[in-house]
Amino acid sequence: GNSVTQMEGPVTLSEEAFLTINCTYTATGYPSLFWYVQYPGEGLQLLLKATKADDKGSNKGFEATYRKETTSFHLEKGSVQVSDSAVYFCALSDDGNKLVFGAGTILRVKS
Amino acid sequence: ETGVTQTPRHLVMGMTNKKSLKCEQHLGHNAMYWYKQSAKKPLELMFVYSLEERVENNSVPSRFSPECPNSSHLFLHLHTLQPEDSALYLCASSQLGGETQYFGPGTRLLVL
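Chains A and B supply the protein sequences, listed in that same order.
For the first sequence, the numbering used here begins at 38 and goes up steadily by one.
For the second sequence, the numbering used here begins at 181 and goes up steadily by one.
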């Protein structure tokens, strides 16, 4: 079956540090890939997505590139802020209406 | 109101109570979802409604009963819950054939 594996957290960084959160997937077919973010006390918000190989999704300084050869969709940001502290979920969708989520990675950014 | 709203935001109930969670979407979508988010576990998809018909029920106990009276509203009726049902319950919506789901803020449920 389809699955998503994320690096375990929590990830703790100082402000302005470089962020990478690893995500790899297993899927039949050609899924779309997503990163969702959950701020404290809130629901999930779509951060970015990519629908085919070599696509790069980007939003709010975050980027992720769909790498079919390594089945990966790692999330990166060049300079994190305290306000980026949240839980980040990698997910895939291969039938249009069903998302498979990773376990989530907690990010803590210290000032 | 915009996006996906959920009420109540917080709920405490005893194991013999009956309560309902409400979700409303203002995005013109035609598919809606219930998820359960427990501590230290991945999001669990509970139910999927497509064009107001239930199309997926992921082995959810019968003490959870969903209802979708129209494309904008989704309910989750709760009765005789267990303490292990305490979690954040998230509602989401999407357009059929579209892959992006939009989530509400969730209802934080505590079963005593």
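Beta carbons: idealized from backbone N, C-alpha and C, even for Gly.
Asked, Found
"D132(A) burial status per 10 Å Cβ neighbour count (16 or more: buried)", "exposed"
"S120(A) in three-state terms, based on DSSP", "helix"
"Contact check, Q82(A) vs A123(A), beta carbons under 7 Å", "no"
"Where the segment 262–289 of chain B meets chain A: residues whose CB sits under 9 Å from a CB there", "L268, L270, C271, A272, S274, L276, G277, G278, E279, T280, Q281, Y282, F283, G284, P285, G286, R288"
"Beta-carbon proximity of Y125(A) to T108(A), cut-off 7 Å", "no"
"Contacts of E79(A) in chain B (Cβ-Cβ under 7 Å)", "P285"
"Cβ of N134(A) within 7 Å of any chain B Cβ", "yes"
"Which of helix, strand or coil DSSP assigns to P249(B)", "strand"
"Partners in chain A for A211(B), counting only beta-carbon separations shorter than 7 Å", "N134"
"Contact the segment 202–210 of chain B vs the segment 269–276 of chain B: 3+ CB pairs below 8 Å", "yes"
"Contact the segment 260–267 of chain B vs the segment 58–68 of chain A: 3+ CB pairs below 8 Å", "no"
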